[in-house]
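Below you'll find the structure, written out as structure tokens, and then a few comments.
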Amino acid sequence: MDYEQTIMQIIASSGEARSLSLKAVRTARAGNLDEAEEMIKNAKLSLTKAHKVQTGLIQAEGRGEKTEITLLMIHAQDHLMNALTVRELAVELIEEVKERKALEQQLKGLVN
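In UniProt numbering, the protein residues as written are 1 to 112.
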């Protein structure tokens, strides 16, 4: 696999993880918590794929193989870091949704 294809793997997997993470928050807010948790797990799998590719590039550089720093590589790294952050925030937001839904259920019991 050539260098550009390798970088595109990081971008594609990171983009998938970011999209899944945001969709998971929306899904949780709609009340589908199990589905949201599955999306978060799939986002983690996509991030793992991207991280493995990145690790391969780092190991190659450690062996003395020079890696060309291109705008595409910087873009890929940006995508990966962004996706990692978005997933972490999505996990926290989903926990907040769970707590809110639990409180709503408690309130329904008090009102009825």
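Glycine included, every Cβ here is placed at the ideal spot set by N, Cα and C.
TODO: Report all residues from its chain with a CB closer than 7 Å to the CB of Gln54; omit the five preceding and five following residues, and keep chain order.
DONE: Ile10 and Leu80
Task: Simplified DSSP state of Arg63, which is helix, strand or coil - done: coil
Task: Integer Cβ distance of Val97 from Leu22, believed to fall under 8 Å - done: Contact flag wrong, Cβ pair sits at about 13 Å.
Open item on the list: Less than 8 Å between C-beta atoms, sequence neighbours within five positions excluded: which residues of the same chain meet that for Gly15?
Closed with: His79 and Ala83
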